[in-house]
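Residues 205 to 829 (our numbering) are what the sequence shown spells out, left to right. Yeah, the Cβ is synthetic: ideal placement off N, Cα and C, and Gly gets one too. The structure under discussion appears below in the form of structure tokens.
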Amino acid sequence: MTRLTVGQALVRFLIAQRTERDGIEQPLFAGCFGIFGHGNVAGIGQALLEAELEGNPGFRYFQSRNEQAMVHAAVGYARMKNRLSALACTTSIGPGATNMVTGAALATINRIPVLLLPGDTFATRVANPVLQELEDMRHGDVSVNDCFRPVSRYFDRVHRAEQLPAALLSAMRVLTDPAETGAVTLALPQDVQAEAHDWPEELFAPRTWHVGRPVPEPGALARALELLRSAQRPLIVAGGGVIYSEATEALRAFVEATGIPVGETQAGKGALPYNHPQAVGAIGATGTTAANALAREADVVIGIGTRWSDFTTASRTIFANPAVRFINLNIAAFDAAKHAGVSLVADARAGVQALAAGLGGWRVASSYREKSAQLAAAWDAKVERAYKYGATPLPAQSEVIGAVNEISQPRDVVVCAAGSMPGDLHKLWRTRDPKGYHVEYGYSCMGYEIAGGLGAKMACPDRDVFVLVGDGSYLMMSQELVTAVQEGIKLIVVLVQNHGYASIGNLSQSVGAQRFGTRYRYRAAGGRLDGDFLPVDLAANAASLGADVKRVRTIDELRSALTAARIATHTTVIHVETDPMIGAPDGEAWWDVPVAEVSSLETTREARKAYDAAKPAQRTYIKPS
């Protein structure tokens, strides 16, 4: 038996955990982010100090500036590691804990593993109410940490030391299960963290969690093959599961053998290189004209590793063929059952290989392959024009994206999350590597960009990470620039200044709300926020946080700054102002955002007419496959 505190036992356990897939082992946890307060400093904080002094180079403590941001960084790390390695995050009680709730929701929605260790109030209740404790007059066992329950894939509160082993083993099971993974929260009362207990040695023995590749059930595979063989115009929709399961080469072989075109979700972008003959680009509300045109005519749609969000389906309008049927290959039965599809519950790589083997020499018609290639080429020509728009006096955002795409190397990573850039990136970015595109669009959380980029660079130090962030997201959360500087982690941040919320401004205009509340302006004499620009200097702010800052005005200056940033060894922020009124090429798809049914505004009434005209195209996708 070994006598340790609960905090010490927890840290020692985490250090001993590993994952294995395809014979390759790696540590499950590379370390722990933490911000300390009275709820965790004497427990987990003290334990992390001991671990550092004992010398554990594979498990490191990382300081952060914001609790939400450190969860975002942990998500960025685990995503780049294909969910096989993760980070833990510890906070104090109260606001430190609740600050993590948004990060937890983001991790769970995106199916990314992260271990959250918020402090909690005294289990003994000996000094209640303690500082920052929420008193619930109806329930004596509730704390603010109960907010984590709906946004966690697993939640437990360790009231007694004896509960820790069971809680840890359950947490690891969920974190390492690709069908269940997401945020896992272990709430740890501050007195329990510091309590000593005699632990069995086997708790700290090296433990390897095997991540398997489940194969399709034979009957389900036979049904999928029968449906696919009947297809005249099949289309694959590649989701994040293709990337996480490292199925890109299997997918490439499959579509080269069959000629089936491939559209990509935000998480699945990079499943094929942008210039592959079967690649037709982004699909859905932020998709390309190529993928969306094929989607409208497709008779069989094979979703691989996608959860079928409303952006992917263009709010269930893009798959318009009345006879369309779905095959859903997914590790999670929940996602595989969507759209009344043939449910193929399996690992993406194993499932694709099984489909390829079962089809034998089956191929789509040559005329269909030629059509998809022509559509893809036409879209690529639009991308080229958008990259070289030549806008004056301010460049278009598409030109900024083009310059970053041009200067970055094939294995480099672009990171984004919210605003107008994710949609533009989805349809315009020419992805050349499966891990080269990192846009968080499950939660589309403003503030993810810099923190997520930090995590991505921690996971892949041999790649340059280009963070594209708008002024709105930057103002939400830029503090992790300090962490990047502190840790000597190099990021290249392109800060796009357009004086407001460009994406929501466009959406507001489309629903007849006249860009209300979306521009950063002084309050004018008439009482409205439509005065002059605010004198906010985001470049100066970035410099004050320790980054090297370059201000550019033209695309040529941007290219020069990007080139210099690539050879630099420290974090660089490049500030560029763009024209928010110049949009990217239209992908000819719809997104369902309800418009006010009655209004005194002519703009709103006109928008409602357009909404009513589009709404009938929406489908239920409930017909049995």
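- With a cut-off of 8 Å on Cβ pairs, the region 691-703 is in contact with the region 663-675, counting three or more such pairs.
- The straight-line gap separating the alpha-carbon atoms of Trp633 and Val446 is approximately 18 Å.
- Annotation: the continuous alpha helix (DSSP H) that includes Glu430 extends over 422-433.
- Under DSSP, Pro231 forms a beta bridge with Arg222.
- Contact between the region 371-388 and the region 311-326 is established, with three or more Cβ pairs separated by less than 8 Å.
- When secondary structure is reduced to three states using DSSP, Ala442 falls in the strand class.
- Per the C-alpha coordinates, the member of Gly659, Cys649, Ala728 positioned closest to Leu310 is Cys649.
- With fewer than 16 neighbouring CB atoms inside 10 Å of its own CB, Ala581 falls in the exposed class.
- In this structure, the CA atom of Val466 is about 43 Å from the CA atom of Thr295.
- Between the beta-carbon of Lys631 and that of Gly791 there is about 6 Å, and that keeps the pair under the 8 Å contact cut.
- Secondary structure note for Arg809: its alpha helix (DSSP H) is the uninterrupted segment 806-818.
- Excluding five sequence positions before and after Leu252, the CB atoms of its chain that fall closer than 7 Å to its own CB belong to Val215, Cys236, Gly238, Tyr265, given in chain order.
- For the beta strand (DSSP E) assignment, the uninterrupted runs of no fewer than 3 residues enclosed by the region 701-785 are, from N- to C-terminal side, 752-756, 776-781.
- Within the region 472-558, the beta strand (DSSP E) runs of at least 3 residues that lie entirely inside it are, in chain order, 483-486, 504-508, 529-534, 546-549.
- In this chain, the alpha helix (DSSP H) harbouring Glu684 covers 684-691.
- For the pair Glu406 and Leu291, the Cα-to-Cα distance works out to about 23 Å.
- Separation of the CB atoms of Gly555 and Arg511 is rounded to 16 Å, and the pair is thereby denied contact status at 8 Å.
- Counting only residues of its own chain and dropping the five nearest sequence neighbours on each side, Ala765 has a CB closer than 7 Å to the CB of Lys754, Val756, Ile778.
- In the three-state reduction of the DSSP assignment, Phe458 falls in the helix class, which pools H, G and I.
- In terms of Cβ geometry, Gly243 and Gln367 do not form a close pair [threshold 9 Å].
- Per DSSP, reduced to three states, the secondary structure at Phe326 is coil, with no helix or strand assignment.
- Under the three-state reduction of DSSP output, Glu339 falls in the coil class, being neither helix nor strand.
- Pairing Leu288 with Val415 gives a Cβ-Cβ distance under 9 Å.
- Taking C-alpha positions only, Trp403 is separated from Leu218 by approximately 15 Å.
- Secondary structure at His401: strand, using DSSP grouped into helix, strand and coil.
- Closest option to Arg269, judged by alpha-carbon separation, among Thr206, Asp796, Met304, Tyr724: Met304.
- Here Glu653 is buried. Its C-beta has 16 or more other C-beta atoms within 10 Å.
- Just measuring C-alpha positions, the residue of Gln336, Asp360, Ala435 sitting nearest Ala502 is Ala435.
- For Arg287, there is no enclosing beta strand (DSSP E), since its DSSP letter is neither H nor E.
- Collapsing the DSSP output to three states places Ala622 in coil.
- DSSP places Ile696 in the strand class (E or B) of the three-state scheme.
- When beta bridges are read from the DSSP output, Arg411 appears opposite Gln221.
- Counting the other CB atoms within 10 Å of its CB gives Met341 a total below 16, which places it among the exposed residues.
- Distance from Leu431 to Arg529 at the Cβ level is roughly 6 Å; contact confirmed, criterion being Cβ atoms closer than 8 Å.
- Take the alpha-carbon of Gln230 and the one of Pro410: they are about 12 Å apart.
- The three-state secondary structure of Val355, taken from DSSP, is helix.
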